[in-house]
Amino acid sequence: MPSEKFSNPMDMEFDHNGDLWMLEYGTGWFQENDDARLVRIEYSAGNRKPVVNVSANQTAGSVPLTLQLSSEGTTDYDGDALRYEWKIAPAAGKGKAQVFATANPSVTLKKKGVYKATLTVTDPMGLSNSRSLELVAGNEPPKLELELGANTNRSFFFPNQKINYVVKVTDKEDGSLAMGTINDNTVVFTADYLAEGYDKEAIARGHRDADASASFAPGAKLMAGSDCQSCHFADKKSVGPEYRLVAQKYKGQADAVKLIANKIINGGSGAWGDIAMAAHPQIKQADAEVIADYILGLADVKPRLATEGEFVTAVPEGDKGEGVYLLRAAYKDRGFMDLPAQSSEQVYVLRNPSMNPHMGSQYEKIQKMTFGTTKLTIPSSSGSWIMFEQLDLAGISQVDFMVSAPKEGMNAAGGLLELRLDKPDGPLVGQTAFIEASEKPGFAAQKVSAPLNAPAGLHNIYLVFKNEKAPAGQSLFVLTSLKFQTPEMLAAEAAAASMPGAQLTTSELEAFVGKYKFTGLPFEFFQFSVENGSLMSDNGNDKGPLKATSTADRFDANGQAMFQFVRDSSGKVTGVKLEAMGMSFEGKRE
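The sequence shown finishes on residue 591 if you use this note's numbering, and the numbering steps up by one all the way, no holes.
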């Protein structure tokens, strides 16, 4: 299997049916590896069906619609020569089909309608497989653009950042947003902060599914055929309350469906103001309950933002700094002459400027390790690299790295970090000073910075680790985090560092004295004591004074870390939170 790459296989065994089971350890030792896996290589004694994949350069458009069909990705695991047959026919079953005996035919659909394009692939033994896709001729998909402000970074969001945006929509059949023929209430723009642990792609798909279900749900169709939309919007106040608020009011109430259905049929007043709700006696009870179900389903839908404006980024209190902002604009057209509606959307995923090195997309000669919540990487030789896919460096003036290079424990050689564009030997846009190997015991991290001179636009960013004098196979140093800094962020940090700290008396400092047990750190305890009027921290390897900040119970460790002490309801200090290297660790008082 020359095309398959395995990550440190450590054991394998044949099953009774001929399958080979292989256990891969992964890239790092003594840790939970992301790429550790159990692999089953199946044994097949006979001929196998082809695996079929189909796509098109577009699946909808006005007539005549000329498009390119593709079978790219279709394969036969036996290596057989395959026979291809495409059949494009009206989905309703009436009309003559077009048939092509090539793998990637060009097709022109001259009559409006919905078509089904089916590819059948057959091997020499007669085994075949098929896949289909739907084509719509006669309704051009809308064109949508989500434009961000000229100086807005397309990869990162920054603290308290003002982001200007505008959504532009044009549609051949519907007109345009600018002309007013497309109502801005039919265009979705959302800006959601997603904390760590979320699958961003699944969240984005969830938005699309929600829009689709709202558009095609029976309740939405019934509502569209009534006069409900004259007085109500799903997420915007009109004459009547927005449905989202109605749904939230009745959320979890057992008889909510019947209550709302009765309101729809009989009308009412007083619940949402002085304006009476008109009765709809023509709506059947069953249909009213279907509409009520649809309204209740909007309980958790966030209100959409205007199609043009400004918003300010905000991160929830206590956030771990690993979340992203998901900016999404979408529009579904009104369909055309009984043809299905078409959708367009654009999504920006703006990530936190603080990252851990495990967020890279590709690695070369890098060991990945995890200790508790700390994710670190170790370049095993000069020229090792980590690639971060498609980052925009616009507006970023430097990158800060937290590193350690102890001789004791890992025999670190030291080295430097380069930032290069698009390939490991691509244009150099930033470089740190040389990181000297330290005789100091332990893995206490230090900050090193690389000033940047990089163009705007998306590039693959390579972190390249260098020390040409390091012996082959000798690790250079440990990288635990990186932070992309704007001039505004650096100025804010400098201002905070220059602010006078709180002046605490010796008796006030005594409240923090004690031994605190941590997990996830190379050492188990922090000991705090008071010496010469200052609070001192000691982890067994490093000892130094802490500076009280303007925030209660918060201390600065020379810009390298922050300690936030925690009190119980009686005011007694019971723990401490350590914020360092872009991560946080909690310690409990012994």
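All C-beta atoms, glycine included, are put in the ideal place defined by N, C-alpha and C. Predicted model, so just to flag it, every value in this text is computed and none were measured.
*Considering only residues of the same chain and omitting the five flanking positions on each side of Val-479, which have a CB-CB separation below 6 Å?*
To locate residue 479, count along the sequence shown from 1; it is residue 478. The residues are Leu-377, Ile-379, Ser-405.
*How long is the line joining the alpha carbons of Glu-469 and Ser-382, rounded to whole angstroms?*
As a working mapping, residue 469 is identified with position 468 in the sequence shown. As a working mapping, residue 382 is identified with position 381 in the sequence shown. Each residue's alpha carbon lies about 9 Å from the other.
*Run the CB neighbour count on Thr-520, radius 10 Å, all protein chains shown included, and call it buried at 16 or more, exposed below.*
By 1-based counting over the sequence shown, the position of residue 520 is 519. The residue in question, Thr-520, is exposed, as its Cβ has fewer than 16 Cβ neighbours within 10 Å.
*State whether the region 147–160 contacts the region 343–351, with contact taken as three or more CB pairs (one from each stretch) at a distance under 8 Å.*
yes
*What does DSSP give as the partner residues of Ala-61 in its beta bridges?*
For the purposes of this step, residue 61 is taken as the residue at position 60 of the sequence shown. Beta-bridge pairing links Ala-61 to Val-137.
*asked:* I believe Asn-54 touches Glu-73 by the beta-carbon criterion, under 8 Å. Please report the beta-carbon distance rounded to the nearest angstrom.
replied: To locate residue 54, count along the sequence shown from 1; it is residue 53. To locate residue 73, count along the sequence shown from 1; it is residue 72. Between Glu-73 and Asn-54 the Cβ distance is about 7 Å, and since that is below 8 Å, they are a contact.
*Assign Thr-182 to one of two classes, buried (16 or more other C-beta atoms within 10 Å of its C-beta) or exposed (fewer than that).*
In the sequence shown, counting from the first residue as 1, residue 182 sits at position 181. With fewer than 16 other Cβ atoms within 10 Å, it is exposed.
*asked:* By DSSP's criteria, Ser-405 is part of a beta bridge. Which residues make up the other side?
replied: If you number the sequence shown from 1, residue 405 lands on position 404. DSSP lists Val-479 as the beta-bridge partner residues of Ser-405.
*Whole angstroms is fine: what's the gap from Arg-245's alpha carbon to Ile-296's?*
The residue labelled residue 245 in the question sits at position 244 within the sequence shown. The residue labelled residue 296 in the question sits at position 295 within the sequence shown. About 7 Å.
_Tell me whether the region 96–116 and the region 166–186 touch, counting them as touching only if at least three CB pairs, one residue from each stretch, are closer than 8 Å._
The way I'd put it, the region 96–116 doesn't touch the region 166–186; fewer than three beta-carbon pairs between them come closer than 8 Å.
*List in chain order: all unbroken beta strand (DSSP E) runs of 3+ residues lying wholly within the region 330–392.*
344–352, 363–365, 367–372, 375–380
_By DSSP's criteria, Phe-527 is part of a beta bridge. Which residues make up the other side?_
For the purposes of this step, residue 527 is taken as the residue at position 526 of the sequence shown. BP columns for Phe-527 point to Tyr-517.
*Cut-off 7 Å between Cβ atoms - residues of its own chain near Gly-534, not counting five sequence neighbours on either side*: Taking the sequence shown and counting its residues from 1, one reaches residue 534 at position 533. The residues are Thr-507.
*State the DSSP-derived secondary structure class of Ser-71, mapped to helix, strand or coil.*
In the sequence shown, the residue the question calls residue 71 occupies position 70. Reduced to three states, the DSSP call for Ser-71 is strand.
*Tell me the start and end of each unbroken alpha helix (DSSP H) in the region 133–187 that is at least 4 residues and wholly inside, in chain order.*
none
_For Ala-549, the residue or residues it bridges with in DSSP_ = Against the sequence shown, residue 549 aligns to sequence position 548. Ala-549 is bridged to Phe-556.
_Extent of the continuous beta strand (DSSP E) run through Ala-280_ = Mapped onto the sequence shown, residue 280 falls at position 279. Ala-280 -> no beta strand (DSSP E), and no H or E assigned at all.
*Are the Cβ atoms of Tyr-326 and Thr-314 separated by less than 9 Å?*
Residue numbering aside, residue 326 sits at position 325 when the sequence shown is read from its first letter. Residue numbering aside, residue 314 sits at position 313 when the sequence shown is read from its first letter. In this structure, Thr-314 lies closer than 9 Å to Tyr-326 by Cβ.
*On the three-state DSSP scale, how would you describe Glu-509?*
As a first step, residue 509 must be located in the sequence shown, where it is residue number 508. Correct three-state label for Glu-509: helix.
*Counting only the same chain and skipping the five closest in sequence on each side, list residues whose C-beta sits under 7 Å from that of Ala-192.*
Position 191 of the sequence shown, counting from 1, holds the residue named residue 192. These residues qualify, in order along the chain: Leu-306, Phe-312, Tyr-326, Leu-328.
*Report whether the distance from the Cβ of Thr-433 to the nearest heavy atom of the ligand MN is below 8 Å.*
The ligand MN is not part of this structure, which contains no ligands at all.
*Can you tell me which of Asn-130, Asn-412, Glu-409, Ser-385 puts its alpha carbon nearest to the alpha carbon of Lys-424?*
Taking the sequence shown and counting its residues from 1, the one referred to as residue 424 is at position 423. Measuring from the Cα of Lys-424, the nearest candidate turns out to be Ser-385.
*Go ahead and label Phe-566 buried or exposed: buried means 16 or more other beta carbons lie within 10 angstroms of its beta carbon, across all protein chains shown.*
Here residue 566 corresponds to residue number 565 of the sequence shown, with the count starting at 1. So Phe-566 ends up on the buried side.
*Who are Met-537's beta bridge partners in DSSP?*
On the sequence shown, residue 537 is found 536 positions in, with the first residue counted as 1. In DSSP, Met-537 forms a bridge with Ser-530, Pro-546.
*CA-to-CA distance, Val-122 to Val-100, given in whole angstroms*: Reading the sequence shown from its first residue, position 99 is the one you call residue 100. Reading the sequence shown from its first residue, position 121 is the one you call residue 122. Their Cα atoms are separated by approximately 13 Å.
*For the beta strand (DSSP E) that Gln-565 lies in, which residues bound it at each end?*
One-based indexing of the sequence shown puts residue 565 at position 564. Per DSSP, the unbroken beta strand (DSSP E) holding Gln-565 starts and ends at 562–568.
*Starting from Ala-496 and walking both ways along the beta strand (DSSP E), at which residues does that stretch end?*
Within the sequence shown, the letter at position 495 stands for residue 496. No beta strand (DSSP E) contains Ala-496, which is instead part of the alpha helix (DSSP H) from 488–499.
*Apart from the five residues on each side of it in sequence, which residues of its chain come closer than 6 Å, Cβ to Cβ, to Gly-19?*
If you number the sequence shown from 1, residue 19 lands on position 18. Cβ neighbours of Gly-19 beyond the five flanking positions: Tyr-44.
*From this set, Ala-473, Ala-512, Gly-588, which residue's C-alpha is nearest Phe-524's C-alpha?*
Position 523 of the sequence shown holds residue 524. For Phe-524, the nearest C-alpha among the options comes from Gly-588.
*In this structure, does DSSP put Asn-263 in helix, strand or coil?*
Looking up residue 263 in the sequence shown gives position 262. In the structure shown, Asn-263 sits in a helix (DSSP, three-state: H, G or I).
*Excluding sequence positions up to five away, which residues of its chain have a Cβ less than 6 Å from the Cβ of Asp-12?*
By one-based count along the sequence shown, residue 12 stands at place 11. Result list for Asp-12: Leu-24, in chain order.
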